[in-house]
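Trainee: Every position in the sequence shown, counted from 1, becomes a number in my numbering once 2 is added.
Virtual Cβ for every residue (Gly too), placed ideally from N, Cα, C.
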Amino acid sequence: MNITRRLLGKVALGLAGATMLMQVPAFAADKPAPFDKPGVKIALVRYLSTGDFFQAYLSGVESQSKALGIDLRVLDSRQDAALQSDMVDQAIALGVQGIIIQHGLTESMKDAAQRAVDAGIKVVAFDVNVENPKIPQVEQSDKDLARLALEQAVKDNSESWNAGYVYVAGIAPLDRRNETWVDVKKKYAGIKEVAMFGTLDNPIANSVANQARSVLQAHPDINVMFAPYDEFAKGVKIAVDEAGLNKKIKIYSADISTSDIAAMRETDSAWAATAATNPAVVGQVSVRALAQLLAGEDPGHNVIVPPTLITQKDLIDKDIKNMEDLSAKLPQFAHADVAMPAWMPNPNAK
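Dropping the structure here:
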């Protein structure tokens with residue numbers, strides 16, 4: 003492997019931000035190699051890490067890694083596409099056996115992922131299209147996430163409304179959710195997209211709120227906001243609340259966290275519904291799919307975690323106040339029987 007000057011210049015930053023977690027559980031005799039012995043080393047190479055979703059995703063990666071006795075290295079590029087690409091090379095240099103690529107841009111990660119494959123390393127990708135048939139794609143079924151949220155929007159607001167839409171192109175899950183949005187607009191001629199805006203600048207919610215303030219002033223006819231990422235929805239809610247429009251506008255989103263639940267449960271909250279998978283479960287599935295590859299098994303090219311619709315009414319009627327309540331009172335949210343061969347330990351088992 004060629005170590006570039008740019009890689010050497012950034013390796014200190016990457017390793018300073020790396021989390022190294024050596025897990026040593028009891029090893030079951032019926033686990034296949036290489037999990038029948040301790041010492042399997044993998045890396046999680048992250049593009050996005052800001053927000054509750056990504057913290058929960060990381061906790062899932064950690065819990066499944068612990069259950070398998072994996073030595074996990076976490077490399078966080080903080081939305082620096084070039085650095086994320088270099089971090090794949092760092093992971094290769096660290097001697098890992100597997101890599102999870104979490105989000106990122108196709109143009110920067112396609113070649114990096116291929117370098118890992120060429121080095122004999124197993125790779126899975128979560129919510130980034132690396133355009134490689136050898137690399138399984140872990141997905142939240144993004145089209146279904148958008149579909150569930152938009153079906154609820156139609157149910158609540160009829161088939162005619164003026165929408166503000168939050169979107170950033172080039173991010174695989176957002177692009178897939180956008181495909182559903184395009185289809186819904188075609189199906190319902192009365193749904194009008196009067197404004198599209200969006201940013202991934204940190205802090206994302208505050209940056210989106212700044213944009214949403216201007217959008218609401220320019221388009222007072224908006225009565226629905228489709229914000230298919232919870233950090234987007236948080237930003238829209240800030241602007242809607244500041245404008246005193248929380249009874250006029252309804253917000254529909256994707257993804258969920260404890261802070262999202264609190265925001266949705268507020269009196270007269272504009273945040274009406276979201277569709278979500280449990281991000282911790284998605285993290286667990288990402289590790290399990292990689293573990294199957296390492297064990298010589300095929301998890302399939304598309305490893306899909308099914309989503310759940312969560313409405314404001316659900317949260318209030320079922321007295322759901324946090325993610326623990328959500329898992330307890332909506333059991334389908336607590337565990338996904340995905341990439342779960344008989345030998346795989348379930349970190350959620352009581």
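DSSP three-state label for R80, please.
Mentor: Coil at R80, not helix or strand.
Trainee: Per DSSP, E109 forms a beta bridge with which residues?
Mentor: In the DSSP output, where bridge partners are listed per residue, E109 has none listed.
Trainee: Would you mind giving the Cβ-Cβ distance between Q286 and Q66, rounded to the nearest angstrom? I have them listed as a contact below 8 Å.
Mentor: Q286 to Q66, Cβ: 4 Å. Contact.
Trainee: Flag this pair as touching only if the segment 176 to 188 and the segment 336 to 349 have three or more C-beta atom pairs under 8 Å; answer yes or no.
Mentor: Verdict: no, contact absent.
Trainee: From the DSSP secondary-structure annotation, give me the bridge partner or partners of G100.
Mentor: Answer is I44, K124.
Trainee: What are the boundary residues of the beta strand (DSSP E) that includes Q66?
Mentor: Premise fails: Q66 lies in the alpha helix (DSSP H), 54 to 70, not in any beta strand (DSSP E).
Trainee: Please report the straight-line C-alpha distance between V226 and I253, rounded to a whole angstrom.
Mentor: The straight-line gap from Cα to Cα measures roughly 6 Å.
Trainee: Helix, strand or coil: how does DSSP classify A191 here?
Mentor: A191: coil per DSSP, three-state reduction.
Trainee: On the DSSP bridge assignment, give the partners of A275 in chain order.
Mentor: According to DSSP, which records beta bridges pairwise, A275 is partnered with Y254, T313.
Trainee: How big is the Cα-Cα spacing for L332 and T310?
Mentor: Spanning the two alpha carbons is a distance of roughly 9 Å.
Trainee: Using a Cβ-Cβ cut-off of 7 Å (strictly less than) and excluding sequence neighbours within five positions of S143, which residues of its own chain qualify?
Mentor: Once the five neighbours on either side are set aside, the close Cβ partners of S143 are I306, V307, P308, P309.
Trainee: Do you know whose CA, among A291, A207, K124, W163, lies nearest P222's CA?
Mentor: The shortest Cα separation from P222 among A291, A207, K124, W163 belongs to W163.
Trainee: Nearest to R179 by alpha carbon, out of D129, S216, I318, I137?
Mentor: Nearest of D129, S216, I318, I137 to R179, Cα basis: D129.
Trainee: Would you report the Cα separation of K239 and I123, rounded to the nearest angstrom?
Mentor: Between K239 and I123, the C-alpha separation is close to 43 Å.
Trainee: So M198 and Y169 are supposed to be a Cβ contact under 8 Å. How far apart are they, rounded?
Mentor: The pair is a contact, with the Cβ atoms about 6 Å apart (cut-off 8 Å).
Trainee: Checking the sheet assignment: what are the DSSP bridge partners for F228?
Mentor: Looking at the DSSP assignment, F228 forms a beta bridge with Y167, Y254.
Trainee: Can you tell me which of D88, M89, I263, V47 puts its alpha carbon nearest to the alpha carbon of V126?
Mentor: Per the Cα distances, V47.
Trainee: What residue from I312, K315, G302, Y167 has the CA that sits closest to N426's CA?
Mentor: Because the chain in this structure spans residues 3 to 352, residue 426 falls outside the shown range and cannot be described.
Trainee: Using a 10 Å radius around the Cβ and a threshold of 16 neighbouring Cβ atoms, would you call N304 buried or exposed?
Mentor: Per the 10 Å Cβ criterion, exposed.
Trainee: Helix, strand or coil for M89? Go by DSSP, reduced to three states.
Mentor: Residue state, collapsed to three classes: helix.
Trainee: Counting only runs of 4+ residues fully inside the segment 280 to 335, write out the alpha helix (DSSP H) ranges in chain order.
Mentor: Entirely contained in the segment 280 to 335, the alpha helix (DSSP H) runs reaching 4 residues are, in chain order, 281 to 296, 314 to 319, 325 to 331.
Trainee: Do the segment 32 to 48 and the segment 194 to 212 make contact, defined as three or more Cβ pairs closer than 8 Å?
Mentor: Touching, no, given that fewer than three Cβ pairs across the two stretches are closer than 8 Å.
Trainee: Quick check on S216: buried or exposed, where buried means 16 or more other Cβ atoms within 10 Å of its Cβ?
Mentor: Classification of S216: exposed, given that the 10 Å Cβ count is below 16.
Trainee: At the level of alpha carbons, what is the spacing between R80 and D203?
Mentor: Cα-Cα distance, rounded: 11 Å.
Trainee: Could you pull out every residue in the same chain whose Cβ sits closer than 7 Å to the Cβ of P27, ignoring the five residues on either side in sequence?
Mentor: With a pLDDT of only 44 at P27, under 50, the local geometry of the prediction cannot be trusted, and the value read off the model is given with reservation. Once the five neighbours on either side are set aside, the close Cβ partners of P27 are K68, A69, G71.
Trainee: Going along the chain, which residues of its own chain have a beta-carbon closer than 8 Å to the beta-carbon of A58, five neighbours each way excluded?
Mentor: Taken in chain order, the residues that qualify are S259, N280, P281, A282, G285, M325.
Trainee: Apart from the five residues just before and just after D270, which ones in its own chain have a Cβ nearer than 7 Å to its Cβ?
Mentor: So the qualifying residues of the chain are N248, K249.
Trainee: How should K189 be labelled, buried or exposed, when 16 other C-beta atoms within 10 angstroms of its C-beta is the threshold for buried?
Mentor: K189 is exposed by the Cβ-count criterion.
Trainee: Would you mind giving the Cβ-Cβ distance between A278 and D257, rounded to the nearest angstrom? I have them listed as a contact below 8 Å.
Mentor: 5 Å between Cβ atoms; contact.
Trainee: Between the C-alpha atoms of V177 and N350, what's the straight-line distance to the nearest angstrom?
Mentor: The sequence as given places Asp at residue 177; Val does not occur at that position. If I take the Cα positions, the gap works out to 31 Å.
Trainee: Along the beta strand (DSSP E) that carries E141, what are the first and last residues, could you check?
Mentor: Its beta strand (DSSP E) spans residues 139 to 141.
Trainee: With DSSP run on the structure shown, which of helix, strand or coil describes F37?
Mentor: Residue state, collapsed to three classes: coil.
Trainee: Among V76, T201, A338, L85, which has the Cα closest to the Cα of V98?
Mentor: Here the closest residue by C-alpha is V76.
Trainee: Under a Cβ-count criterion, where at least 16 other Cβ atoms within 10 Å of its own Cβ denotes burial, should I318 be classed as buried or exposed?
Mentor: It counts as exposed.
Trainee: Exposed or buried, D146, counting other C-beta atoms within 10 Å across all chains shown (16 or more means buried)?
Mentor: Buried, by the Cβ-count rule.
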